[in-house]
Each structure stands twice: as structure tokens, then as C-alpha cells.
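Protein chains: 2
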Amino acid sequence: MNRTDLISQIRAKKSFLCIGLDSDMTKIPAHLLKKHDPVYEFNKQIIDATHDLAVAYKPNLAFYESRGVLGWNSLARTFHYLKKFDVFTIADAKRGDIGNTSAQYANAFFNPEQSGLDFDAVTVAPYMGEDSVKPFLGFPDKWVVLLALTSNKGSDDFQLIKDADSGQKLYEQVLIKSQQWGTADNMMYVVGATKAEMLTRVRELVPDHFLLVPGVGAQGGSLQEVAKYGLTKDCGLLVNSSRNIIFASQEKDFAKKAREEAVRMQAEMAGILDAGC
Amino acid sequence: MNRTDLISQIRAKKSFLCIGLDSDMTKIPAHLLKKHDPVYEFNKQIIDATHDLAVAYKPNLAFYESRGVLGWNSLARTFHYLKKFDVFTIADAKRGDIGNTSAQYANAFFNPEQSGLDFDAVTVAPYMGEDSVKPFLGFPDKWVVLLALTSNKGSDDFQLIKDADSGQKLYEQVLIKSQQWGTADNMMYVVGATKAEMLTRVRELVPDHFLLVPGVGAQGGSLQEVAKYGLTKDCGLLVNSSRNIIFASQEKDFAKKAREEAVRMQAEMAGILDAGC
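Protein chains in written order, with my numbering: chain U, 4 to 280; chain W, 4 to 280.
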């Protein structure tokens, strides 16, 4: 999905909600465990209940890989189900390696003839620099979502280191340097909602790029704060919620409760979009 | 495998060779393509031909994920075949995410009841800091191999940024700070052979830790240089070679040629070990 289509989806649905499919086998409702593929069944019902409210879905690869081959089967089934809907799909994989290896990771998520998967975007870690990121950028209408300033406590360990030469922090350097590799049409950045006040600086550096914002809800970030500092004329935001939506209930009513939480977030987002962009 | 056993293996085999199973489907010999699982068949023959010469094997996850579910099946089969031998197994996955997600990645590689996989070590990217690394350190006799100074061109982009406060470069901060998270018994570091002269500084910071050194051979690094600056009294090195060994020939004699290349490297390593530790 290209940028124009993504923006159209956001305007049509009045939503910039991304639902994180962190589908932890130990947390899905008990009545699904007797199904052939409980995680897929869970995801399918979550998607059915929310696809008119969310513009994007983000399977978190760790929750699939943790079950090995079975988990990758659940991922593949979930991916194919998502393709039935007009939604933006993000493989939250945090990959990145030397050039020839990153090219293989790109095939894993962007080359359906090889892997069976054809996501719109993949999250990538920047530590290994340009040749670790560029192989993902060679696919038309596909996106890299590069880690910049993450939502977790450990983000302070290295991302805020200030370069003696330029005075820029590491995450700022990631934002600056990576703009030589991709554009606002094929690159987004992860900026955590728990660092909302720092979005002012992020927007100075990347005024037009979409930001994928985790950390609203379970991790304590505020949607209003994120919108205040991060919204652009094209919206420019995908705000992710995982646990707060998908595990709103762990009973038989889980899909209904997930929808209620998604409705609540979409309504708040509609208000923000009506006021701001 | 714990540190004592790893050192015993190195002394017994007079080798610190790690063979990288970057088993690219497009490069494996044509006669294997008619097999049910060509990549597994290829890996099996490589392992059979080299397990007396190598102390470690390192499947590169990208080359398996790029074939989706089929690739994860090849990975699982390869892993189970490796377990027949007294070798150290490294999942070269470059994972890392917020704490609860990294815990799931740890299950993927270290928890056989969940994933079917039980590697000795996994490579981890440090960008997201402490809580992204620590969940991998909670498994007895398992190891994190943390990226410090990688062998690729892009390693210059961020890893050499000098912190204005401490004067330390980013990779130095990774080496320093991560020693608060793990020990020389459960943590190694990736330091590329293409940066061999910088091993002097690395050894000032981590005198006892094992280093996993990629980049000898195809990427241009020198084994003698690596040993000169990186060897410790316990060896302290695992030097990886991938393409130079596994694709020494792409014909029916590939396993024989792989062995010849492994013999050559093991002989050079035996000389280094006899002279140095």
C-alpha cells in the first residue's frame, strides 16, 4: 500500500489505529485452545471485529516464532486473512543484518513467491547502518519502519547518547542519516508514545514521515499527547495498541470487548482528525 | 553448553571455527533440489563433513525465514541434526525488542517445549537497551551474543558515534553497559574481523568474554590479525566462516570441498592455539 492509499484509508475510517497482534498463546481465551490453530482463530475474530476501525495490523513476530514452525503457520494464515481487507500490514520483526542477509529478511516479508508473505511494511533495527536497511527499500510500495526512539525503559541506554561532533543524539542521527536511504514514501519511524514530549524534536527532523507509535495504553503513553506533538497535515501517525485491545477480555466475549476498546480509540482519533488534519 | 565445556571443545578439536549455515536455496548444488528438503539435506552433508573440525555452527535465520514456513522446517530439522554432535549452536537472529517481546524471542530459541528449538546462543541487537537483552539471559547455560562492532560497511554509521559525556564510542558503551546485565559466562560479543585493529580496544573493555568474529574470508578479514589482537588464555574467540566453506563448491563435491576449506582453517587455528593459549 502506498502513501496516498494509506492516507485515504485514514480519512475514510477517521482512524490512525494500528492493532498489534501480540497474540500470546497463554493469554488467548481458553475456549479457543481446542481449535486446530488457536492463535489464527483468535486473530481472525479480532480482525473481523475491528477491521472497519483500524487502518493497520501489526503481528509481533516474537509471539509466533516462540511456537516455532506452528507459530509461523499461524502467522502465514493470519497474513492471508488480513489480505482480504483494505488494511496496512506491518511485520513487527525488528530485523537488520549485513546487506546480503537483510536482503533475505526482505524476501521473508516482502516476497510472496519465496516466503508466502507480502506485508506492506517491516520494522527494522538501525544499529548496523545503511547496508542493513537498504535491501528492504528496493520493493515498490513497501515500507521500512525504522526504530528511532522506542517506548521501553532501555531506550535510554543508547538512543539518547549525544554525539560529540554533531551534538545530535543517536536517535536524531538515525532520523537524519536514514533520510539519505529512503523517503517519506517508503520509510516510517518508530517513536514511542512514552516519549511524546520528544515528538517536537522528531517532527523538526522528519516533518512529513509517518511515525509508528507504540506504547499508548499498556505502556502508559497518551494518545492526546502523541497527537499534540506528532500530527501532520496528512495525519502522519499510526498509533499502535496491542494488549489493551486484543486482551480487553480473555473470555468468550473477547472479540466484542476488543471492538469496544477499538471503537473508543477510533472515536478519540476521529475527534483528533476532525480538529487537526 | 557452558563456558567450561566450550573451552574443552576448543582444546580437544584445536579449533575455534564456527561454520555459518547461510544456506541460500539459490546457491546449493542443483542435484539436491529434487530432495524433499534440499536445505536440510545440504546442511546435513556439510555438518557430516565438518563436525570434527568446527566447534560451533551458526544458522543465519534470514536464509530460513526467506522461505517462510518451509524454511522454519529446514531450520528445525537442521537444529535437531546438530544436537547429535558435541557442538555449540548459535541462532544468528539479531533479535531485540521491549522486555515482554524479547522474552518471547528467547522462548523461540531457548525453550524447546514451546518452539522445538534449544540453541546454545542467540545473536541480539542492542539498540533497545537493557530490557531488550535481559530476557535472553535467564536461561541456564544459554548465551546472548550481543552486536558490538559489526563487520559491514554500515557499522560506521552509528557504532562509532562518540558520546559527548564519556568520550566513549557507541560500541564501547555497548561493551561497558552490557557487563551490568550479563557475565563472561552467558554473554559474548560480535566483533567483525574487518575491524581487527580495533580488537585491542575491545579487549581492554572485555578481556575475558568470548567474541564471535564474522567477516573472515568473503568479507576480507584476516584470521591472523583477529588472533593477534583478540586471543585470550581461554582462546576467547569463535571465528565464523560461512560462504567460504559451505559454498567452496556448488557441485556434487560440495561437502568434500567444504571439508577441505574447514581443514585449512582448523590447521591455521591449531597453529594459533599451539602458539598462543
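Note that beta-carbon positions come from the ideal geometry of N, C-alpha and C, so glycine has one too.
Distances from the alpha-carbon of C238 (chain U) to those of U:A187, U:Y130 and U:E263 put U:A187 closest.
Counting C-beta atoms within 10 angstroms of its own C-beta, L150 (chain U) has 16 or more neighbours from the protein chains shown and is therefore classed as buried.
Assignment of M268 (chain W) by DSSP, reduced to helix, strand and coil, places it in the helix class.
Along the length of the segment 228-258 of chain U, whole alpha helix (DSSP H) runs at least 4 residues long occupy 246-249, reported in chain order. In summary, E68 (chain U) is buried, with 16 or more beta-carbon neighbours lying within 10 Å of its beta-carbon over all protein chains present. Chain U has no Cβ within less than 8 angstroms of the Cβ of L149 (chain W). If you keep only unbroken alpha helix (DSSP H) runs of at least 4 residues inside the segment 44-78 of chain W, you get 65-68. Taking the CA atoms as reference points, E207 (chain W) sits about 10 angstroms from M201 (chain W).
Residues of the segment 181-212 of chain W that bring their beta carbon within less than 8 angstroms of a beta carbon in chain U are absent altogether. The shortest CA-to-CA distance from R70 (chain U) to any of U:P129, U:D40, U:K97 and U:T53 is the one to U:D40. In the DSSP assignment, F161 (chain W) falls within the alpha helix (DSSP H) that extends over S158 to F161. The beta carbon of V219 (chain W) sits no closer than 8 angstroms to any beta carbon of chain U. Where I10 (chain U) is concerned, the enclosing alpha helix (DSSP H) starts and stops at R6 to K16. Judged by DSSP in its simplified three-state form, K180 (chain U) adopts helix.
A direct Cα-Cα distance of roughly 26 angstroms separates H34 (chain U) from K86 (chain U). Taking 8 angstroms as the cut-off, the beta carbon of S245 (chain W) is found no closer than this to the beta carbon of G157 (chain U). K260 (chain U) and P217 (chain U) have their C-alpha atoms some 21 angstroms from each other. In this structure, F82 (chain U) places its C-beta atom within 8 angstroms of the C-beta atom of F122 (chain U). Counting only runs of 3 or more residues that sit fully inside the segment 107-168 of chain W, the beta strand (DSSP E) segments are 124-127 and 146-152, in chain order.
In this model, T153 (chain W) and V242 (chain U) are separated by some 33 angstroms (Cα to Cα). Around the beta carbon of P210 (chain U), fewer than 16 other beta carbons sit within 10 angstroms, so the residue counts as exposed.
Note on P62 (chain U): 16 or more other CB atoms within 10 angstroms of its CB, so buried under the neighbour-count rule.
Identification of residues in the segment 67-98 of chain U having a C-beta nearer than 9 angstroms to some C-beta of chain W yields Y67, E68, S69, R70, G71, V72, L73, G74, W75, N76, L78, A79, D95, A96, K97 and R98, given in sequence order. Taking C-beta atoms under 8 angstroms as the contact rule, V72 (chain U) and C21 (chain U) fail to qualify, at a distance of about 27 angstroms. Among the CB atoms of chain W, one or more fall inside 8 angstroms of the CB of L173 (chain U). With contacts defined as CB atoms closer than 8 angstroms, L215 (chain U) and G233 (chain U) fail to qualify as a contacting pair.
Inter-segment contact for the segment 105-121 of chain W and the segment 132-148 of chain W is present: three or more beta-carbon pairs are separated by less than 8 angstroms.
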